[in-house]
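For reference, the structure is listed below as structure tokens.
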Amino acid sequence: MDLNLTVEESAFREELRAWLATNVPKDWSEWREKPIDESFPYLRAWQRKLHEGRWAAVSWPKEYGGRSATLMQQALFWEEMARVDAPPMANSLGLGLIGPTIIAYGTEAQKKRYIPKILSAEEIWCQGFSEPNAGSDLAGLQMEAKLDGDHYVVNGQKVWTSYGWVGDWCELVVRTDSSAAKHKGLTVLLVDMKSPGVEVRPLRQMTGESEFNELFFRDVRVSVENILGKLNDGWNVAVSTLMYERGSYGARLHLIFKRYINRLIELARTIQRNGRPAAEDPIIRQKLAQCSAEIEIMRFNQMRAFSRISATGVPGPEGSIQKIFWSELNQRLQQIAQELLGSFGQLMAGDAHAIDKGIWSYAYLRTRGNTIEAGTSEVQRNIIGHFVLGLPRSY
Amino acid sequence: MQFGLSESQEFLKDSTRKFFTGECPAADMRRLMETDTAYDAALWAKLTEQGYTGIIFPEEYGGVGLGKVELMLLMEEAGRALLPGPFFSTVALAGSVVDAVGTPANKKKYLGPICRGEARATAAILEAGASWNPRDVQLSAANGKISGEKLFVSDAGVADFIVVVARNGVFAVAANARGLRITPMLGMDLTRKLYVVEFSNTPAEELGPAAGLVGALDVATAAVAAELVGGMQRTLDITVEYAKTRKQFGKPIGIFQAVQHQCADMYLETESSRSAVYYAGWALQENSPDASAAVSIAKMYASDAARTVGNRGIQIHGGMGFTWENDLHLYYRRAKASETAFGDATFHRERIASMVIDADSVSVQSA
Numbered sequence: 001m002d003l004n005l006t007v008e009e010s011a012f013r014e015e016l017r018a019w020l021a022t023n024v025p026k027d028w029s030e031w032r033e034k035p036i037d038e039s040f041p042y043l044r045a046w047q048r049k050l051h052e053g054r055w056a057a058v059s060w061p062k063e064y065g066g067r068s069a070t071l072m073q074q075a076l077f078w079e080e081m082a083r084v085d086a087p088p089m090a091n092s093l094g095l096g097l098i099g100p101t102i103i104a105y106g107t108e109a110q111k112k113r114y115i116p117k118i119l120s121a122e123e124i125w126c127q128g129f130s131e132p133n134a135g136s137d138l139a140g141l142q143m144e145a146k147l148d149g150d151h152y153v154v155n156g157q158k159v160w161t162s163y164g165w166v167g168d169w170c171e172l173v174v175r176t177d178s179s180a181a182k183h184k185g186l187t188v189l190l191v192d193m194k195s196p197g198v199e200v201r202p203l204r205q206m207t208g209e210s211e212f213n214e215l216f217f218r219d220v221r222v223s224v225e226n227i228l229g230k231l232n233d234g235w236n237v238a239v240s241t242l243m244y245e246r247g248s249y250g251a252r253l254h255l256i257f258k259r260y261i262n263r264l265i266e267l268a269r270t271i272q273r274n275g276r277p278a279a280e281d282p283i284i285r286q287k288l289a290q291c292s293a294e295i296e297i298m299r300f301n302q303m304r305a306f307s308r309i310s311a312t313g314v315p316g317p318e319g320s321i322q323k324i325f326w327s328e329l330n331q332r333l334q335q336i337a338q339e340l341l342g343s344f345g346q347l348m349a350g351d352a353h354a355i356d357k358g359i360w361s362y363a364y365l366r367t368r369g370n371t372i373e374a375g376t377s378e379v380q381r382n383i384i385g386h387f388v389l390g391l392p393r394s395y
Numbered sequence: 396m397q398f399g400l401s402e403s404q405e406f407l408k409d410s411t412r413k414f415f416t417g418e419c420p421a422a423d424m425r426r427l428m429e430t431d432t433a434y435d436a437a438l439w440a441k442l443t444e445q446g447y448t449g450i451i452f453p454e455e456y457g458g459v460g461l462g463k464v465e466l467m468l469l470m471e472e473a474g475r476a477l478l479p480g481p482f483f484s485t486v487a488l489a490g491s492v493v494d495a496v497g498t499p500a501n502k503k504k505y506l507g508p509i510c511r512g513e514a515r516a517t518a519a520i521l522e523a524g525a526s527w528n529p530r531d532v533q534l535s536a537a538n539g540k541i542s543g544e545k546l547f548v549s550d551a552g553v554a555d556f557i558v559v560v561a562r563n564g565v566f567a568v569a570a571n572a573r574g575l576r577i578t579p580m581l582g583m584d585l586t587r588k589l590y591v592v593e594f595s596n597t598p599a600e601e602l603g604p605a606a607g608l609v610g611a612l613d614v615a616t617a618a619v620a621a622e623l624v625g626g627m628q629r630t631l632d633i634t635v636e637y638a639k640t641r642k643q644f645g646k647p648i649g650i651f652q653a654v655q656h657q658c659a660d661m662y663l664e665t666e667s668s669r670s671a672v673y674y675a676g677w678a679l680q681e682n683s684p685d686a687s688a689a690v691s692i693a694k695m696y697a698s699d700a701a702r703t704v705g706n707r708g709i710q711i712h713g714g715m716g717f718t719w720e721n722d723l724h725l726y727y728r729r730a731k732a733s734e735t736a737f738g739d740a741t742f743h744r745e746r747i748a749s750m751v752i753d754a755d756s757v758s759v760q761s762a
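Chains as they are written, first to last, in my numbering: chain A, 1 to 395; chain P, 396 to 762.
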């Protein structure tokens, strides 16, 4: 056990820090307030800049434009990005989830065709996985793909698609064999979102925004050349994509949460409670301390998991405790914020009395989704119960 | 950066587990807990042979000279076995204090016998106010003598000397000193006996100033948290095994999500406690500026988690979990006693608050 950075890790971080110092945009705080469709070209430009410095996909192998970074270096990358409050990259699903899946399962022709434009943000990718009747039970998805000559004809609906509105391409999971067992009849197709018959609708969520879309496919024709991996092996391809979802990206959460709690501590010094600053109120102190301790424990858990993955090579089902931990912690954190802010906590952006431009009311609502998105807490507990503890499958 | 155990640390943990499984199985633990002191001389000799009594102490005093992470691993396995007797009191508590505050001559005199397995010891801290804040200690020594009363002194009944925390320094009192009276307290944890220790003009040797005391108590606090991790792991293992074999409605009860999800939460709580304890061990070893914060984080989390894990484990066992013959209640008792020992979660949350709210710098480092 040695929590000091190795020489290689330090060198990686120093190089990144130097690059960020001269390249990170100074005006992100103004842009982040704008609607995403307005700021999207800005995010594309930022990703291009990162790509020019070979920082867009550090985890990718060198031959594909990455740096073959170790997991610990990837974690450092996200920590540094959070530390300088860098904007997100436009093609975050392409870089984080879909690109690595294409590198792992794609043909040489597919890699040549798609990878460079993922890196340069020329083509934005989205993920067509969930359906109205296939959420936690993803393998039960129904979207139908029927072979017609050298094309599949795709019909059905997808939901909760991030970046659908701006997506050029989609990693789409479809059912190619309806007679096979549910995990066995799936195939992943790479689909041009400009194909005739694709319709994208915004899905308005409880925060009032539309981060996600619904996708409707009506007789959409997709060439058999666009199968990713093998026919009817789509479940394995899709699961490998989901595994990347639980990768090093979480390393940035520590700094994001810490920024929240530090701001709450600052606010507690001025907000009055029972005739004295809330920072002197024993109950508020207990709650802030509990939360800041848990933020550290989240990071200790992550570091342990990264070390284990580095040693064994594969992300394991233990990743489920990270997902449960951060999502539930974020909800507790926002509840403490609401308690501290009292009546002001409910004020939304635009209200003259809102504290911190209404970020707390927004965060309270947005974090409600944290225990649902990317695998519900219930599914994560099933994974731990069955795959980690060896209890019989409950579903 | 490598937040995993090294090969030698894995080996230590593994061999320690095998040692306790072989030398202190549940039947022996139960036999010892029914005795007055829970001490077994033969078991102590074997612990000494393994070098466990000198694990973190310098080689010049006969110790093994390993680090605090290794101590955490040893204590975790001791906690898993619910090791009865004065091991924690002697090594992690009294030994740590002597090591931190003693002069070289005192260390030779007091640490040497601990390392050689010749002396058992403990430390007397709490008084009538039962505060774990060293600033609340009232008792003080004058002219080499101590008078007053200490409460909740673990394993004092078998201690060869008692380290006494006083207002004006840290002192050692021999078990056979005059004016020393030791009477049992009837604690919930049957494997770690508690005592009232009264001093009446009792001769006491000054070990050193109290300046190093906080660091030593941090080591003891982290060691308690490490024991709790071991206890949680055992509780989880016993419970998962039960959930796989116990059948109701024709199925193993572990198939029901109401049961399975509780097991998943036990796993999350156990692993998170372990991460926090290992980090605390590392921070103590490196004398990191956030060591005290890390210890409080670990003790805070593990104190609450051990109680919760115990609750879940017993609940999943149903009526069987409520019986005397099932071991879970023994871990549950230890968890409650250890929860308050060296400060409960509320105490450590306030300690964290004083570090992160009152101090301007948020003290936990982020690498």
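Idealized CB from N, CA, C, for every residue including glycine.
From a predicted model like this one, the values you see are computed outputs, not experimental measurements.
Nonlocal neighbours in the same chain, by C-beta distance under 6 Å from residue i, ignoring five residues either side
i	result
valine 191/A	Cys170, Leu172 and Val222
methionine 424/P	Leu477 and Pro479
alanine 621/P	Met467, Met470, Glu471 and Val672
isoleucine 752/P	none
Residue i: contacting residues in chain P (beta-carbon distance under 8 Å)
i	result
glutamine 286/A	Thr741, Arg744, Glu745 and Ala748
methionine 72/A	Met396
Buried/exposed call for residue i, threshold 16 Cβ in 10 Å
i	result
glutamate 454/P	exposed
tryptophan 160/A	buried
isoleucine 384/A	buried
aspartate 150/A	exposed
glutamate 666/P	buried
valine 635/P	buried
asparagine 382/A	buried
proline 202/A	exposed
methionine 396/P	buried
glycine 458/P	buried
arginine 285/A	buried
tyrosine 590/P	buried
Whether residue i touches residue j by CB criterion (8 Å)
i	j	result
glutamate 593/P	arginine 576/P	yes
serine 377/A	serine 327/A	yes
aspartate 188/A	valine 237/A	Residue identity differs from the one stated: residue 188/A is valine in this sequence, not aspartate. The answer is yes: Cβ separation under 8 Å.
aspartate 613/P	alanine 697/P	no
serine 162/A	glutamate 211/A	yes
serine 292/A	isoleucine 261/A	yes
alanine 324/A	asparagine 301/A	For the sequence presented, residue 324/A should be read as isoleucine rather than alanine. Cβ atoms of isoleucine 324/A and asparagine 301/A: not closer than 8 Å.
glutamate 79/A	arginine 304/A	no
alanine 701/P	glutamate 745/P	no
glycine 564/P	alanine 536/P	yes
valine 200/A	asparagine 213/A	yes
Option nearest residue i by Cα separation, candidates the options
i	options	result
glycine 512/P	Ser526/P, Val496/P and Thr448/P	Thr448/P
aspartate 139/A	Leu16/A, Ser130/A and Val84/A	In the sequence as displayed, the identity of residue 139/A is alanine instead of aspartate. When each option's Cα is compared against that of alanine 139/A, the closest is Ser130/A.
aspartate 632/P	Asp722/P, Arg562/P and Val558/P	Asp722/P
serine 92/A	Leu119/A, Glu225/A, Ile372/A and Met298/A	Leu119/A
glycine 287/A	Ala700/P, Ala740/P, Glu444/P and Arg426/P	Inspection of the sequence shows that residue 287/A is occupied by lysine rather than by glycine. Here the closest residue by C-alpha is Ala740/P.
arginine 641/P	Ile711/P, Gly552/P, Ile747/P and Ile509/P	Ile711/P
phenylalanine 566/P	Gly625/P, Val624/P, Val654/P and Val493/P	Val493/P
Per-residue contacts from residue i into chain A (C-beta, under 9 Å)
i	result
glutamate 666/P	Asn301, Arg304, Glu318 and Ile321
phenylalanine 651/P	Ser394
Chain A residues whose Cβ lies nearer than 8 Å to that of residue i
i	result
isoleucine 692/P	Ala293, Glu296 and Ile297
valine 635/P	Leu389, Gly390 and Leu391
lysine 639/P	Gly390, Leu391 and Pro392
Same chain, Cβ closer than 8 Å to residue i, five either side skipped, listed in chain order
i	result
methionine 206/A	Leu365, Arg368 and Gly369
methionine 143/A	Gly128, Glu131, Val154, Asn155, Gly156, Gln157, Lys158, Leu172, Val173, Val174, Arg175 and Phe217
Interface residues of chain P facing residue i [CB-CB closer than 9 Å]
i	result
threonine 6/A	Met396 and Gln397
aspartate 2/A	Met396, Gln397, Phe398, Ser401 and Trp677
phenylalanine 325/A	Leu663 and Ser667
serine 307/A	Met396, Gln397, Phe398 and Gly399
Residue i beta carbon near the ligand MG (any heavy atom closer than 7 Å)
i	result
arginine 332/A	This structure lacks the ligand MG, and indeed carries no ligand of any kind.
Nonlocal neighbours in the same chain, by C-beta distance under 7 Å from residue i, ignoring five residues either side
i	result
leucine 391/A	Gly385
arginine 204/A	Ser210
Within chain A, the residues that residue i reaches when beta carbons sit closer than 7 Å
i	result
isoleucine 709/P	The premise fails here: isoleucine 709/P is roughly 18 Å from chain A at the closest Cβ pair, so nothing lies under 7 Å.
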